[in-house]
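Encoded as structure tokens, the structure appears first; notes follow it.
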Amino acid sequence: MAAAGSYLFFLWLLSILLVAAKDQPFVFQNGNMKFIVESLKTSCDHDYVEYFEKVPNSEMLYTFRVVKLASAFTIDVVAKVMKTQRIMYKLVNISGCEFLGNPILYKVFDTAYKKLVVNGSFFKCPIKPNVYFLKNDEALSLFPSFHPPGRFQLSMRVKMRESRGPFVMEMLWKYKIVRL
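Residue numbers (mature numbering (1 follows the signal peptide of the UniProt record, and there is no 0)): -21 to -1, 1 to 159.
Structure, rendered in structure tokens:
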């Protein structure tokens, strides 16, 4: 279970980093590994989440607006190999509130989490209607070295039972890992 939680946090962090790459090609090198974002698509339902975008005239600051109270939500994460569409990793119906409220995760990922939040605006349930910000400073140093090389597609959907749509927020990105 701890490994699943660690991988989930990695995918959540990766989603934030990849959103940062939306406007321009993004390449990051960590030791003998190079990470290259090929594309990123984000979408939201415009009902619970109005927008998720880069703050104008900013390189490292992102914002999204929650317009209705999110008392409970689930997260689906699916990682596939691009060439074969083989599923590498699949987590579905993860309780977002349980994930955010887990004190062990706060201890393990305290440094990473503090690098992402702005003005101490840590997320907790229920997520209230508001404009939220995330920063991308120094978060790249946290990219793990255990990812295999190749081309991949990663999708993350945030879902709410009350929503009429299939998701309230979705991110779909394609990226490549190269060993040097």
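Positions of the beta carbon are idealized from the N, C-alpha and C atoms, including for glycine.
Under the three-state DSSP convention, the category residue i falls into
i: E141; result: coil
i: F112; result: strand
i: G129; result: strand
i: F146; result: coil
i: F52; result: coil
i: C104; result: coil
Spatial neighbours of residue i in its chain, beta-carbon cut-off 7 Å, leaving aside the 5 residues before and after
i: A49; result: Y27, P105, I106, M139
Option in the options with minimal Cα separation from residue i
i: C23; options: M12, R44, F7; result: R44
i: S37; options: A51, L113, Y68, G75; result: L113
i: Q8; options: E149, P128, M150; result: P128
Cβ pair residue i, residue j closer than 8 Å
i: V110; j: T42; result: yes
i: L40; j: V46; result: no
i: K153; j: E17; result: yes
i: L159; j: N11; result: yes
Classification of residue i by the beta-carbon crowding that lies within 10 angstroms, buried from 16 upward
i: T63; result: exposed
i: L19; result: buried
i: Y30; result: exposed
i: V137; result: buried
Sequence-distant residues of the same chain with beta carbon closer than 6 Å to residue i, five excluded per side
i: K59; result: I66, Q132
i: R130; result: M61, K155
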